[in-house]
Each structure stands twice: as C-alpha cells, then as structure tokens.
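Enquirer: First to last, the protein sequences are chains R and G.
Going letter by letter, the first sequence gives residues 23 to 211 in our numbering.
Going letter by letter, the second sequence gives residues 23 to 211 in our numbering.
Backbone N, C-alpha and C fix where the C-beta goes; we use that ideal spot for every residue, glycine too.
I have a structure here, written as structure tokens, and I will follow up with some questions on it.
2 protein chains.
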Amino acid sequence: MCPPTLVRMERADAARNRARILEAAAELFAARSPHEVTMDDIAKAAGVGRGTLYRRYPDRASIAVALLDEHERELQERLLRGDPPLGPGAPPAERLAAFYAAMVRLLEDHAHLVLGSEVGRTRFETGAYGFWRAHVRSLLVAAGTPRPDALVDTLLAPLAPEVYVYQRSDLGLGMEEVVEALTRLTRVL
Amino acid sequence: MCPPTLVRMERADAARNRARILEAAAELFAARSPHEVTMDDIAKAAGVGRGTLYRRYPDRASIAVALLDEHERELQERLLRGDPPLGPGAPPAERLAAFYAAMVRLLEDHAHLVLGSEVGRTRFETGAYGFWRAHVRSLLVAAGTPRPDALVDTLLAPLAPEVYVYQRSDLGLGMEEVVEALTRLTRVL
DNA sequence: CAATAAGTGGACACAACGTCCATTTAAGCA
DNA sequence: TGCTTAAATGGACGTTGTGTCCACTTATTG
Chain R
23 MCPPTLVRME RADAARNRAR ILEAAAELFA ARSPHEVTMD DIAKAAGVGR GTLYRRYPDR
83 ASIAVALLDE HERELQERLL RGDPPLGPGA PPAERLAAFY AAMVRLLEDH AHLVLGSEVG
143 RTRFETGAYG FWRAHVRSLL VAAGTPRPDA LVDTLLAPLA PEVYVYQRSD LGLGMEEVVE
203 ALTRLTRVL
Chain G
23 MCPPTLVRME RADAARNRAR ILEAAAELFA ARSPHEVTMD DIAKAAGVGR GTLYRRYPDR
83 ASIAVALLDE HERELQERLL RGDPPLGPGA PPAERLAAFY AAMVRLLEDH AHLVLGSEVG
143 RTRFETGAYG FWRAHVRSLL VAAGTPRPDA LVDTLLAPLA PEVYVYQRSD LGLGMEEVVE
203 ALTRLTRVL
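Right, here's the structure in full:
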C-alpha cells in the first residue's frame, strides 16, 4: 500500500535525467539555431530515450521555457521588490526605461533560448509575457495614460526576440543603440 | 531549332495551373490556420501533382507571398505617389499615423496570409519589410530624428502579424483601439 | 527483502517534406 | 496538318522528425 504522502516526491533517477536533459538542451541551443535541434538530438545528447524526454517535455518550447525560468524569475523579482528605477519608487517613465534596458540585457544573454521557446504566437501564451504585460500596464496606469490596454502590447512588441536578433545580427546595431531607441518610446507616457 | 525569342513565354497549361494553385491556396488559408495547410493539401485542392506545385513554390511562404503581392503593391504605390497624408506632402508624424492606419487595414484583411508567409524571422527577409522599413526611415529622417536606424524596427515591431492577431483575437480589442495606440507612438518624432 | 508504482527507452506508426523521372502536352516549323 | 522538341506534369519514393505505446527496469517503502 502506498502511504498517504501529500507531496509526491520526484524519484532520484527522474531528477538526474531531468538535469541531464536541461544541460544537454542548453548546450545544443547554444551551439545551433533552435529549429535545427530535434527532440531526438536532445534525447541522444542527454543519454536518455525518446519516451523519457517526452514524459516531461512535450516539445522544444517547454524545454526552453524551463531553461529560461530562473533568469526571468530573477528579473521579475527585481521589478517587484528591487531598487528604483527598476523597482518601485521611480517615476513610471524611468521605470519603463529601466525595464527596457533590463529586458535587452536578458535578450542579449538568452535570445537563443527565447527563440527556441517563443516562436511567433507562442510568445503570448507563456506566463512570462503575462508578467511583462501586467508590469508595463501598471506603469501606464500609474502615469495616468488613458486606455492602456492596446498600448501595452505595442510597447512590448519591439522586445520580440526576432526583432532584437534582427537588429543586432542583421543590422549590426549595438545593444546601446537598441536601448536608446526603446527609451525614446517612453515619451508616449 | 529554337528561334531566339528574348522573352520566354509561360506555357498555357503552366499559367492555368499557377492560377489554380493560387486560388486553391487562398481558399485553404482563409479556412484554417496556415500551419495546418500542407503542401499536399494545396496540390490536391488545386488538382495538380506534388511536383507541379514544388516547381513554382518551394514552400508555403512563397505561395502566401505571391497572394499578398498585389495588396502590398497597392499600398506601396499609395505611399509613394498617393494623396497626403499617406502620400508625400503631409508632415512626417501625420504620414506615419496614416501609414499605421493603412497597415492595420491590411492586417485586418490579410493577417492570415501574412501569418502564412511571415513566421518569426522570415518577416524581415521579405521585400515588403524592406519597403516599409525604408518608408518609415525616410519619415524619421524628414522629421529630423537623430539616429533613426534602431528606431525604425522598434516602430515597425507592433505591426508584426502575431501581435495584431493577439490584440484583436485574444484580447478582443477593436481595430480603432489598435490604431489609436499606434498613433500615440508617432509622438516619438 | 519483497511489493509496488514510478520511471525508462526504443520500436513503431504516422505525417509531411522534397526529389526524381517516365510520360504527357503545348508551341513552333515544314 | 503532321512532326519535333522542350517545357510541364504528377505521383511514386526515400527521408526526416514527431509523438505514442508498452514490456522491462529501478527506486522507494514497510
């Protein structure tokens, strides 16, 4: 009989394999374009079978989301409780500019992961997008901007990883130039 | 022997099949999500073989591009030679607002096609994006905006079809609300 | 050291892709 | 009109990646 344990623990081998999968996936995503990495590749590199991989991660996106999780959480924490101008305390326009700068930093470091997880529409379905959206919306409200709902996504759109990669790689722009352009958007507040 | 005709004409059956393919593809794209339409589906619906389809259109994107072509050309024509505020003559900020409104109209009518052709990065590789980019850039230059290059893509980002569909379908916003939000972006000029 | 349930891995069926080539057909010429 | 030729056709075929399924293995608990 199974004792009525409320919290069902993950078995040791399961945890080990999860770690292996994430590690292997991180390496593969870093090495090549995300759509050239197949689920087979990841399973093979992690040294696990197909079924094991699919048991936890039904597709590439969910793996990338797991990898991104910690980085995003850290920024979310700083937005909620960090020092101004990123955290509470500064005027909305300055907080928005700081948010843009922080997001560019995140994109710079992990754009390949974001590209792996957020392809087109998928971007809007992640919890992270909801968080960014709520944050920017609250800034708009704090600034007294009328009808903020349509504006929010308009202001978040330039942070789409595809756009950033295009600006950095194809156009050869620097991080600072992108941040500067985004900062000019804060004038709409 | 073949007479040295300079312009090699498309054969009658080829022209007929091209028309069939485009017509069938338009119907299929209108009916379901673009990624649920396979090349097989299109070939079947058009009543042509697989090889015939691939001869002209190597992938879904190229078909959608062909379908979009005429609509985009019309707007491009109006931007270059139409009446103000869309065409030349009006102040840059007003022209940008008019451009936004016209693009939203285009998205409203053909977002499903754009989604079929421009998935993520692909968007930037089409000739159309280059045109929109050049247009907006010239408006920024005309308005005396310093360092326009990073700002251009920032201003075009909210026109990504994924963003528009998210705002309209998922958030339930109206066309006018989206246009209004975009119009507020023209304040950066 | 059982007993049991969670976990594993690879075989399998399937779907879509893109290519190849034997056959058909339109267009130009006598 | 009939003939020649090259363009055009279509479907069979091999390939690749997906996702599922289930007989077997292994960690955990008493």
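Roughly how many angstroms lie between the CA atoms of Gly152(G) and Glu96(G), to the nearest whole one?
Expert: Looking up residue 152(G) in the second sequence gives position 130. Looking up residue 96(G) in the second sequence gives position 74. Using only the alpha carbons, I get a separation of about 16 Å.
Enquirer: So with CB distances below 7 Å, who are the chain R contacts of Phe121(G)?
Expert: For the purposes of this step, residue 121(G) is taken as residue 99 along the second sequence, with counting starting at 1. Chain R residues near Phe121(G): none, gap ~15 Å exceeds 7 Å.
Enquirer: In this structure, does DSSP put Ala112(G) in helix, strand or coil?
Expert: Against the second sequence, residue 112(G) aligns to sequence position 90. Of the three classes helix, strand and coil, the one that applies to Ala112(G) here is strand, per DSSP.
Enquirer: Would you identify the three-state DSSP class for Glu45(G), choosing helix, strand or coil?
Expert: Within the second sequence, numbered from 1, the residue matching residue 45(G) stands at position 23. In this structure, Glu45(G) counts as helix in the three-state DSSP scheme.
Enquirer: Does the beta-carbon of Leu89(R) have 16 or more other beta-carbons within 10 angstroms, so that it is buried, or is it exposed?
Expert: By one-based count along the first sequence, residue 89(R) stands at place 67. The residue is buried, with at least 16 neighbouring Cβ atoms inside 10 Å.
Enquirer: For Met31(G) and Asp62(G), I'd like the C-alpha separation in whole angstroms.
Expert: In the second sequence, residue 31(G) corresponds to position 9, counting from 1. In the second sequence, residue 62(G) corresponds to position 40, counting from 1. Between Met31(G) and Asp62(G), the C-alpha separation is close to 28 Å.
Enquirer: Under 8 Å between C-beta atoms, does Gln189(R) make it to chain G?
Expert: Here residue 189(R) is taken as the residue at index 167 of the first sequence, counted from 1. So, interface residue.
Enquirer: Could you check the C-alpha separation between Val59(R) and Leu50(R) for me, to the nearest Å?
Expert: Against the first sequence, residue 59(R) aligns to sequence position 37. Against the first sequence, residue 50(R) aligns to sequence position 28. Answer to the nearest angstrom: the Cα atoms are 7 Å apart.
Enquirer: Is the region 76 to 84 of chain R touching the region 100 to 120 of chain R in the sense that three or more CB pairs, one from each, lie closer than 8 Å?
Expert: The region 100 to 120 of chain R, when compared against the region 76 to 84 of chain R, does not touch it at the 8 Å Cβ threshold.
Enquirer: Leaving out five residues before and five after Met197(G) in sequence, what residues of the same chain have Cβ atoms less than 7 Å from its Cβ?
Expert: Along the second sequence, one-based indexing puts residue 197(G) at 175. Closer than 7 Å at Cβ, skipping near neighbours: Val126, Glu130.
Enquirer: Looking at chain R, which residues of the region 139 to 166 of chain G have a Cβ within less than 8 Å of any of its Cβ atoms?
Expert: So the close ones are Val141, Gly142, Arg143, Arg145, Phe146.
Enquirer: Mapping DSSP to helix, strand and coil, what is Cys24(R)?
Expert: Within the first sequence, the letter at position 2 stands for residue 24(R). Annotation note: pLDDT 35 at Cys24(R) (below 50); position unreliable, coordinate value reported separately. Cys24(R): coil per DSSP, three-state reduction.
Enquirer: Hey, does Leu44(G) have any beta-carbon neighbour from chain R nearer than 8 Å?
Expert: On the second sequence, residue 44(G) is found 22 positions in, with the first residue counted as 1. No, its Cβ sits nowhere closer than 8 Å to a Cβ of chain R.
Enquirer: Chain G beta carbons: is any one of them nearer than 8 Å to that of Val210(R)?
Expert: Here residue 210(R) refers to the residue found at position 188 when the first sequence is read from its first residue. Chain G contact via Cβ: present.
Enquirer: Distance check for Arg206(R) and Arg33(G), CA to CA, integer angstroms please.
Expert: One-based indexing of the second sequence puts residue 33(G) at position 11. One-based indexing of the first sequence puts residue 206(R) at position 184. Using only the alpha carbons, I get a separation of about 54 Å.
Enquirer: Give a yes or no on whether the C-beta atoms belonging to Pro80(R) and Leu137(R) are separated by under 8 Å.
Expert: Taking the first sequence and counting its residues from 1, one reaches residue 80(R) at position 58. Taking the first sequence and counting its residues from 1, one reaches residue 137(R) at position 115. It is not a contact, given that the beta carbons lie outside the stated cut-off.
Enquirer: Could you check which residue in Glu202(G), Leu193(G), Thr167(G) has the C-alpha nearest to that of Thr167(R)?
Expert: The count along the first sequence starts at 1 and reaches residue 167(R) at position 145. The shortest C-alpha separation from Thr167(R) is found at Glu202(G).
Enquirer: Measuring only between beta-carbons, confirm whether Val200(R) sits less than 8 Å from chain G.
Expert: Taking the first sequence and counting its residues from 1, the one referred to as residue 200(R) is at position 178. Val200(R) counts as touching chain G.
Enquirer: If you drop the 5 nearest sequence neighbours on each side, which residues of the same chain put their C-beta closer than 6 Å to that of Gln189(G)?
Expert: Here residue 189(G) is taken as the residue at index 167 of the second sequence, counted from 1. Here the set comprises Leu195, Val200.
Enquirer: State the Cα-Cα distance for the pair Ala165(G) and Pro107(G), rounded to the nearest angstrom.
Expert: Residue 165(G) sits at position 143 when you count from the first residue of the second sequence. Residue 107(G) sits at position 85 when you count from the first residue of the second sequence. Distance between the alpha carbons of Ala165(G) and Pro107(G) is about 15 Å.
Enquirer: Just the Cα atoms here: how many angstroms apart are Arg145(R) and Leu135(G)?
Expert: In the first sequence, counting from the first residue as 1, residue 145(R) sits at position 123. In the second sequence, counting from the first residue as 1, residue 135(G) sits at position 113. Answer to the nearest angstrom: the Cα atoms are 20 Å apart.
Enquirer: Given a cut-off of 8 Å on the beta-carbon distance, is the pair Phe121(G) and His157(G) in contact?
Expert: Counted from its first residue, the second sequence places residue 121(G) at position 99. Counted from its first residue, the second sequence places residue 157(G) at position 135. Contact: yes.
Enquirer: Determine contact between the region 165 to 184 of chain G and the region 174 to 183 of chain R, defined as no fewer than three beta-carbon pairs at a distance below 8 Å.
Expert: Yes, the region 165 to 184 of chain G is in contact with the region 174 to 183 of chain R.
Enquirer: For Glu58(G), decide whether its Cβ has a neighbour in chain R, counting only Cβ atoms nearer than 8 Å.
Expert: Reading the second sequence from its first residue, position 36 is the one you call residue 58(G). No, Glu58(G) does not count as interfacial toward chain R.
Enquirer: Could you check the C-alpha separation between Gly142(R) and Gly142(G) for me, to the nearest Å?
Expert: Your numbering for residue 142(R) matches position 120 in the first sequence. Your numbering for residue 142(G) matches position 120 in the second sequence. Going by the C-alpha atoms only, they are around 5 Å apart.
Enquirer: Who are the near neighbours of His132(G) in its chain, counting only those whose CB is closer than 7 Å to its CB and skipping five residues on each side?
Expert: Translated into the one-based positions of the second sequence, residue 132(G) becomes position 110. Within the same chain, His132(G) has close Cβ partners Leu90, His93.
Enquirer: Taking buried to mean at least 16 other C-beta atoms within 10 Å of its own C-beta, is Leu102(G) buried or exposed?
Expert: If you number the second sequence from 1, residue 102(G) lands on position 80. Flag for Leu102(G) reads exposed.
Enquirer: Quick one: what's got a C-beta closer than 8 Å to Asp171(G)'s C-beta in the same chain, skipping five residues either side?
Expert: Start at 1 with the first residue of the second sequence, and residue 171(G) comes out as number 149. Taken in chain order, the residues that qualify are Arg159.
Enquirer: Should Leu193(G) be flagged as near chain R, meaning a C-beta pair shorter than 8 Å?
Expert: For the purposes of this step, residue 193(G) is taken as the residue at position 171 of the second sequence. Taking Cβ atoms only, chain R reaches closer than 8 Å to Leu193(G), which makes this a yes.
Enquirer: Using a beta-carbon distance below 8 Å, is Asp63(G) in contact with chain R?
Expert: Taking the second sequence and counting its residues from 1, one reaches residue 63(G) at position 41. Answer no: the Cβ-Cβ gap between Asp63(G) and chain R never drops below 8 Å.
Enquirer: Any beta carbon of chain G sitting closer than 8 Å to that of Asp35(R)?
Expert: In the first sequence, counting from the first residue as 1, residue 35(R) sits at position 13. By this cut-off, Asp35(R) is not an interface position.
Enquirer: Measuring only between beta-carbons, confirm whether Ala115(G) sits less than 8 Å from chain R.
Expert: Indexing the second sequence from 1 puts residue 115(G) at position 93. So no, Ala115(G) is outside the interface.
Enquirer: Ala179(R) touches chain G at which residues, Cβ-Cβ below 7 Å?
Expert: In the first sequence, counting from the first residue as 1, residue 179(R) sits at position 157. Those are Ala179, Pro180, Ala182, Val185, listed as they occur along chain G.
Enquirer: Where Ala52(R) and Asp175(R) are concerned, what is the direct C-alpha to C-alpha distance, given to the nearest angstrom?
Expert: By 1-based counting over the first sequence, the position of residue 52(R) is 30. By 1-based counting over the first sequence, the position of residue 175(R) is 153. Near 29 Å, if we compare the C-alpha coordinates of Asp175(R) and Ala52(R).
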